[in-house]
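Here my numbering is used: the first residue of the sequence shown is 413, the next is one more, and so on. For each residue, glycine too, the CB sits at the ideal point set by N, CA and C.
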Amino acid sequence: MTALPTSPATSPELPVSTKPRVIAISNQKGGVGKTTTTVNLATAMAAVKKRVLVIDLDPQGNASTSLGIDQKHRPVTTYHLLTGTGSVADAIVPTGIPNLSIIPAGVDLAAAELELVDLDNRQARLKEAIANQYDNWDFVLIDCPPSLGLLTLNALVAADAVMVPLQAEFLALEGISQLVRTIERVRKSFNPGLELQGIVLTMVDKRNNLSEAVESDVRSYFGAKVYTTTIPRNVRISEAPSHGKPVLIYDLHSKGSRAYLDLAGEVLKREQRPAA
Numbered sequence: 413m414t415a416l417p418t419s420p421a422t423s424p425e426l427p428v429s430t431k432p433r434v435i436a437i438s439n440q441k442g443g444v445g446k447t448t449t450t451v452n453l454a455t456a457m458a459a460v461k462k463r464v465l466v467i468d469l470d471p472q473g474n475a476s477t478s479l480g481i482d483q484k485h486r487p488v489t490t491y492h493l494l495t496g497t498g499s500v501a502d503a504i505v506p507t508g509i510p511n512l513s514i515i516p517a518g519v520d521l522a523a524a525e526l527e528l529v530d531l532d533n534r535q536a537r538l539k540e541a542i543a544n545q546y547d548n549w550d551f552v553l554i555d556c557p558p559s560l561g562l563l564t565l566n567a568l569v570a571a572d573a574v575m576v577p578l579q580a581e582f583l584a585l586e587g588i589s590q591l592v593r594t595i596e597r598v599r600k601s602f603n604p605g606l607e608l609q610g611i612v613l614t615m616v617d618k619r620n621n622l623s624e625a626v627e628s629d630v631r632s633y634f635g636a637k638v639y640t641t642t643i644p645r646n647v648r649i650s651e652a653p654s655h656g657k658p659v660l661i662y663d664l665h666s667k668g669s670r671a672y673l674d675l676a677g678e679v680l681k682r683e684q685r686p687a688a
């Protein structure tokens, strides 16, 4: 396995806390880099000795696949957590990357959206499932599906903050406005502490005038909520999932890997806060 560097830019010390920081990676639009961001951010955090748990809440299970978890090694999944038929302890699968584990998803998760409708406290099933796991992790990253249904609602109710990967393309701001309104509704109704942790621009092509124009618009609209780091279009990022590896393991020296290391540094700096 490729060794990952410990860089001062990506390893600020966080205060000791008994509760992990739970961050939902969400955007209702598909193909914007949610899973790629979840997997590589988690890997970069683990590289600087943060204990990280990824929760795959997308029925496609791409985060699980990207971390090399074969279908036969997913006997207990997020479906079982949401429906109360399995425990976190049984669902957690080590990834082979030190400090990084995952609760995988399978195709059965697609049925959970319908089954949750008839269950009590349907919007807080994930929050309840992970509530007694607070001593085991520094960060919990939830990879959300490309929708604003009950699965994503469970993630937002369980989360302390939301990170939004935003593709540098036309109409990007129009798409994010719906998610921002959803965050506001969740905050008012279910989770008053929920905040927008940040927006990360993905698939940025500096040679493309449109990418630069979108980036300028997003930064003007959201200001400091937009990370300085942008994630470039990079073939190594695209190749890595087919090998069951994060790009930081697949090709540490690629532009994509360096970008995610930088992003992790920014996230950890934003997360420096007094212990609860």
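Hey, quick one: how far does the alpha helix (DSSP H) through S632 stretch, first residue to last?
As a first step, residue 632 is located in the sequence shown; it is residue number 220 there, counting from the start. Element bounds for S632: 621–634.
Which one or two residues does DSSP pair with E607 in a beta bridge?
To locate residue 607, count along the sequence shown from 1; it is residue 195. Beta-bridge pairing links E607 to A573.
Leaving aside the five residues before and after T640 along the sequence, list all residues of the same chain whose C-beta is less than 7 Å from its C-beta, in chain order.
Here residue 640 refers to the residue found at position 228 when the sequence shown is read from its first residue. Once the five neighbours on either side are set aside, the close Cβ partners of T640 are E678.
Which whole-angstrom value describes the C-beta separation of V616 and E627, a residue pair presumed to lie in contact below a C-beta threshold of 8 Å?
To locate residue 616, count along the sequence shown from 1; it is residue 204. To locate residue 627, count along the sequence shown from 1; it is residue 215. Rounded, the Cβ-Cβ distance is 7 Å, consistent with contact.
Cα separation between I515 and T477?
Mapped onto the sequence shown, residue 515 falls at position 103. Mapped onto the sequence shown, residue 477 falls at position 65. Rounded to whole angstroms, I515 to T477 spans 12 Å at the Cα level.
Relative to the C-alpha of T448, which residue among D520, Y672, R682, E683 is closest?
As a working mapping, residue 448 is identified with position 36 in the sequence shown. With distances taken between Cα atoms, T448 lies closest to Y672.
Cutting at 6 Å between CB atoms, please list the residues of its own chain near G668, excluding the five before and the five after it.
Taking the sequence shown and counting its residues from 1, the one referred to as residue 668 is at position 256. Cβ within range, chain order: N646, R648, I649, V659.
Does DSSP classify P653 as helix, strand or coil?
What you label residue 653 is simply residue 241 of the sequence shown in a count that begins at 1. Three-state result, P653: helix.
For the beta strand (DSSP E) that I661 lies in, which residues bound it at each end?
In the sequence shown, residue 661 corresponds to position 249, counting from 1. Not the beta strand (DSSP E): I661 falls in the alpha helix (DSSP H), residues 659–662.
Examine the Cβ distances between the stretch 539–555 and the stretch 580–599 and report whether three or more of them are shorter than 8 Å.
no
Suppose you measure from the CA of S519 to the CA of G473; what does that come to, to the nearest Å?
In the sequence shown, counting from the first residue as 1, residue 519 sits at position 107. In the sequence shown, counting from the first residue as 1, residue 473 sits at position 61. Here residue 519 turns out to be Val, not Ser, going by the sequence shown. Distance between the alpha carbons of V519 and G473 is about 7 Å.
Measure the alpha-carbon distance for R433 versus G445 and round it to whole angstroms.
Counted from its first residue, the sequence shown places residue 433 at position 21. Counted from its first residue, the sequence shown places residue 445 at position 33. So the alpha carbons of these two residues sit roughly 21 Å apart.
Counting only the same chain and skipping the five closest in sequence on each side, list residues whose C-beta sits under 6 Å from that of T418.
Locating residue 418 in the sequence shown gives position 6, counting from the first residue. Reliability of the predicted coordinates at T418 is poor, the pLDDT of 49 falling under 50, and the value obtained from them is presented with this limitation in mind. For T418, where only same-chain residues beyond five positions count, the Cβ hits under 6 Å are V460.
I need the boundaries of the alpha helix (DSSP H) containing L465, first residue and last residue.
Counting from 1 along the sequence shown, the entry for residue 465 is found at position 53. L465 -> not in any alpha helix (DSSP H); beta strand (DSSP E) instead, spanning 464–468.
Could you say if the stretch 482–492 and the stretch 450–459 meet the contact criterion of at least three C-beta pairs nearer than 8 Å?
no
Only counting the same chain, and skipping five residues up and downstream in sequence, which positions put a Cβ closer than 7 Å to that of I437?
Sequence index remark: in the sequence shown, residue 437 carries index 25 (1-based). Result list for I437: K446, T449, T450, L553, I554, D555, C556, M575, P577, in chain order.
Does any CB atom of chain D fall closer than 8 Å to the CB of A436?
Reference to chain D is not applicable here, since this structure consists of a single protein chain.
Write down the C-beta distance between R534 and L526 rounded to the nearest angstrom, noting that I regard them as a contact closer than 8 Å.
On the sequence shown, position 122 is the one that residue 534 refers to. On the sequence shown, position 114 is the one that residue 526 refers to. R534 to L526, Cβ: 11 Å. No contact.
Apart from the five residues just before and just after K441, which ones in its own chain have a Cβ nearer than 7 Å to its Cβ?
In the sequence shown, the residue the question calls residue 441 occupies position 29. Taken in chain order, the residues that qualify are P558, G587.
Three-state secondary structure (DSSP) at S559?
To locate residue 559, count along the sequence shown from 1; it is residue 147. Reduced to three states, the DSSP call for S559 is coil.
Using C-beta distances below 7 Å, list every residue in its chain close to R670, excluding the 5 sequence neighbours before and after it, in chain order.
Along the sequence shown, one-based indexing puts residue 670 at 258. Closer than 7 Å at the Cβ level, and outside the excluded window around R670, lies no residue.
With a floor of 3 residues, list each beta strand (DSSP E) that falls wholly inside the stretch 457–537, ordered by position along the chain.
464–468, 512–515
Quick check: is any heavy atom of the ligand GTP less than 7 Å from the C-beta of G473?
Among the components modelled here there is no ligand, and therefore nothing to report on the ligand GTP.
When the Cα atoms are used, what is the spatial distance from A676 to K431?
By one-based count along the sequence shown, residue 676 stands at place 264. By one-based count along the sequence shown, residue 431 stands at place 19. The alpha-carbon atoms of A676 and K431 are separated by roughly 19 Å.
Going by alpha carbons, who is nearest to L512 out of L465, D547, R537?
Along the sequence shown, read from residue 1 onward, the residue named residue 512 stands at position 100. Among L465, D547, R537, the Cα nearest to that of L512 is on L465.
What residues in its chain sit with their C-beta under 6 Å from that of K539, if we drop five residues either side in the sequence?
For the purposes of this step, residue 539 is taken as residue 127 along the sequence shown, with counting starting at 1. Answer for K539: V569, A570, listed in chain order.
Select from S666, N544, T642, K637 the residue whose C-alpha is nearest the C-alpha of E651.
Indexing the sequence shown from 1 puts residue 651 at position 239. Among S666, N544, T642, K637, the Cα nearest to that of E651 belongs to S666.
Specify the secondary structure class of A421 as computed by DSSP and reduced to three states.
As a first step, residue 421 must be located in the sequence shown, where it is residue number 9. Because A421 carries a pLDDT of 44, less than 50, the predicted location of this residue cannot be relied on, and the following value inherits that uncertainty. Helix, per DSSP.
Applying the criterion that 16 or more other CB atoms from any shown protein chain within 10 Å of the CB defines a buried residue, is Y662 buried or exposed?
For this step, residue 662 is matched to residue 250 along the sequence shown. Buried, since its Cβ has 16 or more Cβ neighbours within 10 Å.
Where V444 falls: helix, strand or coil (DSSP):
Locating residue 444 in the sequence shown gives position 32, counting from the first residue. Note: V444 maps to coil in three-state DSSP.
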